[in-house]
Amino acid sequence: MRQLILTASIAAALGIASGCDHSPAPQQAAAAPAPRPAVAEQVVDEHSYAEPDKVRTTDLALDLAIDFGKKQIAGTATYTLEWLDKAATQLVLDTRDLEIQKAEGLGVDGQWRALQFALAGKDKVLGSKLTIDAPDRPAQVRVTYATSPAASGLQWLEPSMTEGKQQPFMFSQSQQIHARSWVPLQDTPRIRFTYSAHVSAPADTMVLMSADNDPAAARDGDYTFEMPQKIPSYLLAIAAGDLVFKKFGDRSGVWAEPAMVDKATAEFADTEKMIDTAEALYGPYRWGRYDLLVLPPSFPYGGMENPRLTFATPTVIVGDKSLVSLIAHELAHSWSGNLVTFATDKDAWLNEGTTTYVQGRITEALYGQDMADMEHVIDRDELKQEYRTLKPELQRLSLKPGTLSDPDDQSSATVYTKGAWFLQFLEKRFGREVFDPWLKGYFDHFAFQSITTAQFRDYLKTQLIDKHPNVVTMQEVDQWLYEPGIPPNAPVVESGKFSTVNAARIAWMGSAKLPDKTITDAWGTQEWVHFLEGMPDTLAQAQLTQLDEAYRFTGTPNGEIAMRWYPLAERSGYAAARPAMGAFLERVGRRKLIMPTYKALVATPDGLAFAKAVFAKARPGYHPITTGSVEAMIAEAKPMERQEVPEALHPVDPAPQPAPTK
Ligand SMILES: [Zn+2]
Numbered sequence: 006m007r008q009l010i011l012t013a014s015i016a017a018a019l020g021i022a023s024g025c026d027h028s029p030a031p032q033q034a035a036a037a038p039a040p041r042p043a044v045a046e047q048v049v050d051e052h053s054y055a056e057p058d059k060v061r062t063t064d065l066a067l068d069l070a071i072d073f074g075k076k077q078i079a080g081t082a083t084y085t086l087e088w089l090d091k092a093a094t095q096l097v098l099d100t101r102d103l104e105i106q107k108a109e110g111l112g113v114d115g116q117w118r119a120l121q122f123a124l125a126g127k128d129k130v131l132g133s134k135l136t137i138d139a140p141d142r143p144a145q146v147r148v149t150y151a152t153s154p155a156a157s158g159l160q161w162l163e164p165s166m167t168e169g170k171q172q173p174f175m176f177s178q179s180q181q182i183h184a185r186s187w188v189p190l191q192d193t194p195r196i197r198f199t200y201s202a203h204v205s206a207p208a209d210t211m212v213l214m215s216a217d218n219d220p221a222a223a224r225d226g227d228y229t230f231e232m233p234q235k236i237p238s239y240l241l242a243i244a245a246g247d248l249v250f251k252k253f254g255d256r257s258g259v260w261a262e263p264a265m266v267d268k269a270t271a272e273f274a275d276t277e278k279m280i281d282t283a284e285a286l287y288g289p290y291r292w293g294r295y296d297l298l299v300l301p302p303s304f305p306y307g308g309m310e311n312p313r314l315t316f317a318t319p320t321v322i323v324g325d326k327s328l329v330s331l332i333a334h335e336l337a338h339s340w341s342g343n344l345v346t347f348a349t350d351k352d353a354w355l356n357e358g359t360t361t362y363v364q365g366r367i368t369e370a371l372y373g374q375d376m377a378d379m380e381h382v383i384d385r386d387e388l389k390q391e392y393r394t395l396k397p398e399l400q401r402l403s404l405k406p407g408t409l410s411d412p413d414d415q416s417s418a419t420v421y422t423k424g425a426w427f428l429q430f431l432e433k434r435f436g437r438e439v440f441d442p443w444l445k446g447y448f449d450h451f452a453f454q455s456i457t458t459a460q461f462r463d464y465l466k467t468q469l470i471d472k473h474p475n476v477v478t479m480q481e482v483d484q485w486l487y488e489p490g491i492p493p494n495a496p497v498v499e500s501g502k503f504s505t506v507n508a509a510r511i512a513w514m515g516s517a518k519l520p521d522k523t524i525t526d527a528w529g530t531q532e533w534v535h536f537l538e539g540m541p542d543t544l545a546q547a548q549l550t551q552l553d554e555a556y557r558f559t560g561t562p563n564g565e566i567a568m569r570w571y572p573l574a575e576r577s578g579y580a581a582a583r584p585a586m587g588a589f590l591e592r593v594g595r596r597k598l599i600m601p602t603y604k605a606l607v608a609t610p611d612g613l614a615f616a617k618a619v620f621a622k623a624r625p626g627y628h629p630i631t632t633g634s635v636e637a638m639i640a641e642a643k644p645m646e647r648q649e650v651p652e653a654l655h656p657v658d659p660a661p662q663p664a665p666t667k
């Protein structure tokens with residue numbers, strides 16, 4: 006997923022201490038015997054009621070109907086079960102806000118018979134435990150159920166909230182533990198299963214899943230899907246709406262609303278090249294097709310690596326491909342994550358850290374070292390900012406049991422950036438000629454498994470460190486894995502492009518002379534982001550006006566620039582930005598992009614009133630995840646009157662210090 010990234014202050018405020026020729030046949034890959042874990046350990050998933058050591062799902066068959074009027078998915082889920090514990094006679098499933106109507110077991114005579122079940126009370130984070138008594142240990146169990154309109158893993162959009170404004174839209178976001186709000190299941194990444202689905206919907210609605218979507222499928226309201234590779238539950242995904250397809254090549258293309266599909270196809274035109282680049286590094290793409298689904302702007306994240314069908318925010322479509330590293334990230338998950346994933350949320354870095362590392366390699370290969378360096382600097386600056394206030398226990402790559410009450414509260418700086426930084430450290434020490442084959446071997450060795458940090462550490466020790474002595478010690482490895490903070494041996498990246506940006510900013514701060522147009526004309530999103538991030542906490546009105554007249558920051562269609570400009574404008578009391586700021590917050594629901602502006606607004610009584618008014622209008626279009634974050638920020642606001650800064654006292658030093666007050 007990309008990206009949960011919130012800045013430190015936001016995180017603190019939220020209580021977060023945030024069809025292809027070269028690939029093997031999917032059936033072959035799925036049927037390969039799973040290697041045994043290299044190390045024996047007790048694996049406990051604190052965020053699931055399921056008991057996969059007793060009985061586990063090997064296949065899930067869904068038969069569902071989508072009802073836009075009721076904002077409901079209803080139907081049956083049938084589990085093929087492997088009973089592992091001879092004494093086990095219960096199947097325990099995770100659910101949240103589901104209405105469970107019936108549970109049945111398949112008898113040896115082929116007849117379905119009713120089973121007793123009990124749905125426990127609701128835990129705020131985990132949902133409700135569903136216990137099904139299955140004394141005969143049937144090979145299959147079937148549950149009949151319906152979702153709630155408030156399902157945390159689904160968003161239902163009225164036609165007015167879509168690009169085309171003709172048809173309603175719905176989509177799922179199952180990660181971290183929201184699959185249980187639309188399917189009762191063993192909702193833990195510890196286990197993997199194949200799945201199939203039959204879905205009915207209004208006849209003019211296209212339905213897609215994280216499965217074998219057919220680009221030529223007739224739009225008739227009746228769809229079937231197969232996912233022959235084993236996936237963890239968080240990769241179960243569905244979307245429905247007025248969606249059309251346009252191809253990039255033989256094995257990739259984009260699904261989007263008709264009004265968006267051409268723009269998306271142009272922006273993401275390098276997708277085939279990205280697949281080729283990743284394959285050259287890490288071996289064949291094993292999932293068949295790789296398609297993108299562009300969602301409405303309310304999608305709460307940047308992207309979600311649903312296998313065969315990446316879900317992506319339209320906020321990265323900015324016209325110059327400068328934000329397509331998001332696609333590199335989601336594609337990278339096809340190796341790091343979807344192929345080799347984490348066993349529990351304590352090991353989330355194995356998913357997002359390795360993916361952020363692979364994303365950097367794809368970006369470097371396609372867009373050059375300068376671009377990769379700039380993105381590393383931006384990420385690491387965010388980490389350093391976040392670590393000023395983040396609880397030390399959330400700075401460990403491998404979390405201790407009990408650290409994380411809600412898996413949605415992972416520190417993105419830790420799991421994404423520190424995780425990638427660790428692999429960049431290993432790469433620098435061993436060199437690519439050694440490290441690259443090792444990482445490729447790691448993906449092959451653990452393919453279609455869910456592993457722990459201990460398993461990763463064991464494979465690293467035996468297959469890399471012991472084979473190349475005197476390069477990296479296990480003490481160094483363990484400092485990365487088990488200690489808070491940034492290890493002293495972390496490699497440093499310098500960006501020549503950012504040196505130019507820093508010089509331009511400092512010169513402007515001192516002289517009010519804007520950098521030469523020939524310099525700024527060559528800047529892309531990353532340079533503008535860095536230009537703004539280096540600004541002091543507040544600027545004078547004259548400075549803001551000068552920047553705005555020159556660069557049109559207010560009203561920018563680029564969310565990465567907006568998420569940095571609007572908070573600066575608001576902290577500085579720059580009222581001219583307010584109308585465009587409000588429109589931005591109403592149009593975009595991607596949490597990372599909008600939370601910094603809400604944070605700046607709620608700091609003053611006048612800003613808080615504005616934030617409440619904007620939120621009231623924006624709320625119907627926001628995803629439940631975004632709504633929850635904004636509600637919490639407004640509820641916990643402690644507004645204070647803005648301290649006016651005399652123009653003469655504005656600091657010329659761009660260090661991120663609070664502005665002096667009168
Ligand atoms: Zn990711």
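Residue numbers (the working numbering): 6 to 667.
For every residue, glycine included, the Cβ atom is placed at its ideal position computed from N, Cα and C.
Model, not experiment: these values are computed from the prediction.
Per DSSP, the continuous alpha helix (DSSP H) segment holding ASP267 begins and ends at 266 to 272. Separation of the CB atoms of THR559 and ALA585 is rounded to 5 Å, and the pair is thereby assigned contact status at 8 Å. Between the alpha carbons of PHE453 and TYR447 lies a distance of about 12 Å.
Scanning the segment 46 to 79 for uninterrupted beta strand (DSSP E) segments of 3 residues or longer gives 60 to 72, listed from N- to C-terminal end. Counting the other CB atoms within 10 Å of its CB gives PRO493 a total below 16, which places it among the exposed residues. Here SER455 carries a strand assignment [DSSP, helix/strand/coil]. Taking each of TRP161, ILE196 and GLY587 in turn and checking the Cα distance to PRO305, the smallest one comes out for TRP161.
Only residues of its own chain outside the window of five on either side were considered, and among them LEU297, VAL299 and GLY308 have a CB closer than 6 Å to the CB of ALA317, listed in chain order.
Nearest neighbour of ILE599 by Cα position, chosen from GLU636, SER327, ASP449 and ALA144, turns out to be GLU636. The segment 221 to 232 makes no contact with the segment 319 to 335; the number of CB pairs closer than 8 Å stays below 3. Taking 7 Å as the cut-off, the beta carbon of ARG101 is found no closer than this to the beta carbon of ARG197.
Residue nearest to ARG256 within the set ALA545, MET166, ARG291 and MET214 is ARG291 (criterion: CA-CA distance).
The DSSP-derived three-state label of SER339 is coil. Judged by beta-carbon spacing, ALA512 lies beyond the 7 Å limit of VAL420, meaning their Cβ atoms are not closer than that value. Under DSSP, GLY246 forms a beta bridge with MET211. For MET211, the shortest C-beta to heavy atom distance toward ligand 1 is 6 Å or greater.
Contact check between the segment 139 to 156 and the segment 263 to 282: fewer than three CB pairs, one atom from each, fall below 8 Å, which does not count as touching. Note that the segment 355 to 363 touches the segment 333 to 341; at least 3 beta-carbon pairs, one per stretch, sit closer than 8 Å. For THR368, the Cβ stays outside the 6 Å cut-off from all heavy atoms of ligand 1. Listed in chain order, the alpha helix (DSSP H) runs fully inside the segment 483 to 521 are 501 to 516, counting runs of at least 4 residues. Secondary structure at SER201: strand, using DSSP grouped into helix, strand and coil.
Looking at TYR239, ASP247 and PRO237, the one whose alpha-carbon comes closest to that of GLY226 is ASP247. According to the DSSP assignment, ASP441 belongs to the alpha helix (DSSP H) that extends over 437 to 450.
In the three-state scheme derived from DSSP, where H, G and I count as helix and E and B as strand, MET175 is classed as strand. Close CB contacts of GLU272 within its chain, under the 8 Å cut and outside five residues either way in sequence, are with VAL321, ILE322, VAL323, GLY324, LYS326 and VAL329 (chain order). In this chain, the beta strand (DSSP E) harbouring GLY110 covers 104 to 111.
For VAL382, the enclosing alpha helix (DSSP H) begins and ends at 374 to 392.
Within its own chain, the residues whose Cβ lies closer than 8 Å to the Cβ of LEU402, once the five positions on either side in sequence are excluded, are TRP354, GLY358, THR419, VAL420, LYS423, GLY424, PHE427, THR458, TRP485, LEU486 and TYR487, listed in chain order.
Residue pairing by DSSP puts GLN145 in a beta bridge opposite THR85. For MET6, the Cβ falls inside the 6 Å cut-off from some heavy atom of ligand 1. As a beta-bridge residue in DSSP terms, TRP117 pairs with LEU111. By the C-beta density criterion, LEU135 is buried, having at least 16 other C-beta atoms within 10 angstroms. Remark: C-beta atoms of ALA261 and ALA206 do not approach each other more closely than 7 Å. With at least 16 other beta carbons inside 10 angstroms of its own, GLN400 counts as buried. Taking 7 Å as the cut-off, the Cβ atoms of PRO194 and PRO143 do not count as close.
The residues ALA418 and THR422, in chain order, have a CB closer than 6 Å to that of LEU388 in the same chain once the five nearest residues on each side in sequence are set aside.
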